[in-house]
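Residue numbers (the numbering used here), protein chains in the order written: chain U, 9 to 291; chain D, 103 to 558; chain H, 56 to 366.
Glycine included, C-beta positions come from ideal geometry on N, C-alpha and C.
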Amino acid sequence: MKRGARLGVGERRSVAAGIGVLAWVVGLLWIFPVAWTVLTSFKSEQDASAQTFHHGLGFGRYSDVSHSTAGTLSLQTAFMNSLVVVAVSTLVVLVLALPAAYALAIRPIHKWRDVLFFFISTKFLPIVASIFPIYVYAEKWNLIGTRTVLIVLYIAINLPLAIWMTRSFFMEVPRELIEAAEIDGTSLVNQLRQVILPIAAPGIAATALLCVIFAWNEYFYALQLNFANGTTMPQWVVSNVSTRGNFLAKLSAASTIACLPVVLAGWAAQKRMIRGLSMGALK
Amino acid sequence: MHEARLGSVRRRRTLVVALTVAVAAIAAIVAATALGKSTKKTISIAIVANPQMQDIASLTPSLFTAKTGIKVKYTILDEGKLRQVTTRDVGSGGKAFDAVMIGPYEAPQFGVAGLIKDLTSMAKGDKTYGYNDLIPAVRNALSAKGHLYASPFYGESSFVMYRKDVLAKNHVKMPLHPTWQQVASIARKIKTSSMAGICLRGKPGWGDLGAAFTTVLNTFGGTWWSAKSDGKPDKAQVDQPAFKNALDFYAKLVQDAGEQDAANSSFNECLTQYQAGKVAMWYDATVAAGLLEAKDSPVKGKNGYAFAPHYKTPSTGWLWTWALAIPRSSPDPTDAWKYISWATSAQYIKAAGTRTKGGWPAIPPGTRLSTYRIPQYKAAAKAFAGITLAAMKAAPITHPGTTKRPGLPGVQYVGIPQFQDVGNRCTQLFSAVIAGSMKDTAALKQCQQIASQAIR
Amino acid sequence: MTAAAADVAPRGRVGDPFSSAWRRRLPLLPALLYVVAITQLPFLVSIYYSLTNLKDKTQSLIPEPTKFVGIDNYKQIFSDPFFRQAMWTSVKMTVLAVVLSLIVGTLFAILLDRRFLGQGLIRTLLITPFLLMPVVAALIWKQQMFSSLFGVLNKVLTFLGFNSVQFISDHPLGSIVTVLVWQWTPFMMLIMLAGLQSQPSDVIEAANVDGASALGIFRQLTLPHLRRYLELGALLGSIYIVQAFDAIDVMTGGGPGSTNVPYYVYQQSIGGGFRYGAASAYAIVVVIFSIVIATFALRVLSSLFKDEERA
């Protein structure tokens, strides 16, 4: 029997159906606040704050937020910036993390524990403290307002996560397969491609998705190091928040737009995250 | 099967490599072009995310860039984040902005410290600027020792807004210059189970609860710090009876007759509740009137306005303005001034009346005397324009309370750099008192500690 | 048997670039060098700042030169009752949020691990809370779920005949933990799902054929396998949740029940205090504490650092 199939040996059909229904109920309840937000994005500001429906629903807020004049951050600019920053940083993270995980899981170095601990310890420093030195040096090297500074920082903040997760998934690779590949004289790259990746694919997809999500939603560095046209989607979303006047409907519309690309990325990663039925090769 | 898998693996590999190269190439191209500079002159301005500021950002290309050829890049942030970014930029000599939007709390302090440019000669020398048209209290709030350090774009004071119909139903009249005791008794009388008596800010923050509470504190005869003769803060006064009276009065009023979720309510939350008919009165910024009387407001035409309540002092309304200043390290101060003199001019205000979505009620209020002589504005803002101007003129920035204040002038804040932090942390404690999760004596004791340590 | 057992590298002779020890280190070096370069510079500079009285220039009307104050900033920290309170709040917030999101995330993962109609859709939907910006998620919960007048939760409560509850004012920590759990459960779910997917199916099949019950299979086969992933989720989740900031800023604005350490440090630096030297000292103290706790957790409690043994 393969994983994820419809019925297990001895399982009753009704149990399986019942669990399906339960999953639907749970799923819908869980995302209710998100669904409510999407609903709010179609309301007027009055209705949004007071949770009423007096003015009906429409796309007005969407056109409000996607319309911008020259000189203010436009959806297109923010989107392009985010896309480039996220794509490049995630790609580099994977390129660096896969070999590193190999060196910590498949053929571990002697001090693998210390190295892992070091990686995770880089996340202990609160970012409100590290921002000032980073700002000072970014200013010195003329990197304020560029995509480069964000790419560089996002790689650094996502690498520890990627290495820890990828290492855990690499640990699942059976020893025999590695030894067989080594006896065959396969290089590191080919070992990764042919032996390790197929088995660790669900985990790596999950890791990549998480890196994309973290980089896409990262707000603090983008705010402090990037201004006006250089900045990313989170800045565009939050620019709808006002201290003198209601903004919930516009913010909901902006957030819905901002989430869509990551939802699509999640959907694409889904396919990789389901371990294939072709794992007969494992045996 | 092994062969087939290898074949598909090979194809997948080519695809991945091709994709990587493509993405890298696109990224490189796009990253390179992102750093390219345009040939037109461009200035970078940081502004706060209020509706009036959003309006000028959309009108800039047609009204400013078209005439002067200077392109403007706006960074629009909400108040808290704007303050973080501009303080850091001005304080560390950053070159990110040519002009920044700051308030009367920062302007005199930054000016005295030499971190922003002195605008007096440029303002006085520019005939179209109208230096004497600025409301004197506003101009003085942004100046130190006679030097103007920032040009006001938007101004507000505070007053009481109330539902005329609800008060009438209860046979209660609101005097034009009420005392706090009068307001409190009206609130307690008119409240019902579905409509609170009054909405007062309760969210922590020196500009949220801190602003409203400090005006109450001032008129109850209290103060945050006593002042030495040279204007430096002497001793923290949080442990004084006047402070306790003010805090108890405020907290009790909110608990007895105030809004729901008071401990995290500020301007927007009270606006929502007032418009939804859940509170009958509201003490907050004068600019709220523009929103309450807007075309689509459910309470349009139902509101009365009274001056900020007083007790031991004659006038208590606060004074806040968002004003444009030029950091000392600004890359292009000349063009920055050209922008500022346009943005804060009477001409822009007139132009905004006919060109913005909100129309006349939505023009930047509270900066110039001439604004209140524009016939269309007077007509559109009939209910509240007069009282707003009077409140702004009367804001007691040099003598807000019954005792001398340390630092630079200010009504709802103390003009010393330490106030931000002290105000933020103390209002967190006071907000807990309002929520009923902390005793006033404990909050006052901790706040006294914070306030004393800050000036050591 | 899986990879790590019995294959830890021999110590290499330092000078020999072709020794197998250095060949093992090579794949790690790019990532390691990169992280060292980018993260250690700010860390060292922060240590330097913490030994000075560095403030933003706007904090004094007459320019004050920055001077070296040695460990004065640190001495002040230990007599600061507000910092102790913030640390205690941090502990409560993090433990509650991590444990609850782990439990719920694991349950969701188990629910989603089998094929049913619309599995992919439900899985994507369950991830969506994690895709929202923390600021946006906090605002949604504050205004639309928790609000006593307009919130959905209170509308349901009053419909059922109960009084409305002022969630945020009366239960600040609980409200924040709710939002954190709502957002981080998908993170845990993703890890646990990948962990469940990596379970070798032949062992399960064999147990099924032998007539073991679903519960028995779960307790004796799945759970031990998942232990590593539970610990991974707990570790990674804690690292992120301990830094939670936006929910506090948006929902409560700070206050005795809800100010955690990052928010407190923020207030000392760019949130109003602008005392970069003192704030850096707080940050360094936080790093030291975290290192101590993490060392204890990883080397004593967790199986993540032990050499693997597998059934």
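Residue i at chain D interface by Cβ criterion, 8 Å
{"i": "H/M247", "result": "no"}
{"i": "H/L116", "result": "yes"}
{"i": "U/V249", "result": "yes"}
{"i": "U/E147", "result": "yes"}
{"i": "H/F351", "result": "no"}
{"i": "H/Q221", "result": "yes"}
{"i": "U/Q292", "result": "Outside the displayed span of chain U (9 to 291) sits residue 292 of chain U, for which this structure offers no information."}
{"i": "H/D111", "result": "yes"}
8 Å Cβ cutoff, residue i in contact with chain H
{"i": "D/L250", "result": "no"}
{"i": "D/T135", "result": "Model confidence at D/T135 stands at a pLDDT of 46, short of 50, so the residue's coordinates are unreliable; what they give is reported in the following sentence. For D/T135, the answer is no, since every Cβ of chain H falls outside 8 Å of its Cβ."}
{"i": "U/E190", "result": "no"}
{"i": "D/L349", "result": "no"}
{"i": "D/C549", "result": "no"}
{"i": "U/F235", "result": "no"}
{"i": "U/S49", "result": "no"}
{"i": "U/V136", "result": "yes"}
{"i": "D/Q362", "result": "yes"}
Chain U contact for residue i (CB, 8 Å cutoff)
{"i": "H/P82", "result": "yes"}
{"i": "H/T57", "result": "Only weak support exists for where H/T57 lies, its pLDDT of 47 falling under 50; the value from the coordinates is given anyway. Closer than 8 Å: yes."}
{"i": "D/K175", "result": "yes"}
{"i": "D/G488", "result": "no"}
Any non-hydrogen atom of the ligand NAD within 7 Å of residue i CB
{"i": "U/A86", "result": "With respect to the ligand NAD, the structure offers nothing, as it holds no ligand at all."}
Rounded separation between residue i and residue j - CA only
{"i": "D/I499", "j": "D/W420", "result": "8 Å"}
{"i": "H/L84", "j": "U/I171", "result": "13 Å"}
{"i": "U/I207", "j": "U/A214", "result": "13 Å"}
{"i": "U/A189", "j": "U/L205", "result": "13 Å"}
{"i": "U/L112", "j": "U/V181", "result": "13 Å"}
{"i": "U/S74", "j": "D/V187", "result": "25 Å"}
{"i": "H/G175", "j": "U/T45", "result": "22 Å"}
{"i": "U/F235", "j": "U/G153", "result": "6 Å"}
{"i": "H/V342", "j": "H/A334", "result": "12 Å"}
{"i": "U/V23", "j": "H/R170", "result": "13 Å"}
{"i": "H/V207", "j": "D/D332", "result": "55 Å"}
{"i": "D/F345", "j": "D/T325", "result": "7 Å"}
{"i": "U/S263", "j": "U/W120", "result": "41 Å"}
Cβ neighbours of residue i in the same chain (closer than 8 Å, five flanking residues each side left out)
{"i": "D/K440", "result": "T170, I172"}
{"i": "H/L359", "result": "R283, E286, L287, L290, L353"}
{"i": "H/N263", "result": "I272"}
Option nearest residue i by Cα separation, candidates the options
{"i": "H/F300", "options": "H/T307, H/P317, H/A92, H/A261", "result": "H/P317"}
{"i": "U/A230", "options": "D/T177, D/L510, D/H249", "result": "D/T177"}
{"i": "H/P241", "options": "H/I126, H/P184, H/S357", "result": "H/P184"}
{"i": "D/A378", "options": "U/V144, U/T154, U/S57, U/S49", "result": "U/S57"}
{"i": "H/I325", "options": "D/A544, D/R190, D/A239", "result": "D/R190"}
{"i": "D/A481", "options": "D/Y376, D/S253, D/A544, D/G392", "result": "D/G392"}
{"i": "H/L186", "options": "U/K51, U/M281, U/L272", "result": "U/L272"}
{"i": "D/L179", "options": "U/Q278, U/L268, U/Y227", "result": "U/Y227"}
{"i": "U/L185", "options": "U/I114, U/C219, U/Q278", "result": "U/I114"}
{"i": "H/G328", "options": "D/I451, D/Q555, D/Y376", "result": "D/Q555"}
Spatial neighbours of residue i in its chain, beta-carbon cut-off 7 Å, leaving aside the 5 residues before and after
{"i": "D/L510", "result": "P210, Q211, A246, G517"}
{"i": "H/L212", "result": "S219, V220"}
{"i": "D/Q530", "result": "P306"}
{"i": "D/T316", "result": "Q514, Y515"}
Close Cβ partners of residue i (< 6 Å) along its chain, the five nearest in sequence each way excluded
{"i": "H/L228", "result": "G312, S313"}
{"i": "D/G213", "result": "A246, Y251"}
{"i": "D/Q522", "result": "W308"}
{"i": "D/H560", "result": "A question about residue 560 of chain D goes unanswered here, because the residues of chain D that appear run from 103 up to 558."}
{"i": "H/Q254", "result": "H280"}
{"i": "D/K139", "result": "Any answer about D/K139 is weak, because its pLDDT of 49 lies below 50 and its placement is not dependable; what the coordinates show is given next. Answer for D/K139: no residue qualifies."}
{"i": "U/K258", "result": "R69, D72, V73, N248"}
Within-8 Å CB hit, residue i to chain B
{"i": "D/G299", "result": "No chain B appears in the structure shown, which is made up of the protein chains U, D and H."}
Assumed close pair residue i, residue j - CB separation to whole angstroms, cut-off 8 Å
{"i": "H/I296", "j": "H/A164", "result": "So it is not a contact: roughly 18 Å between Cβ atoms."}
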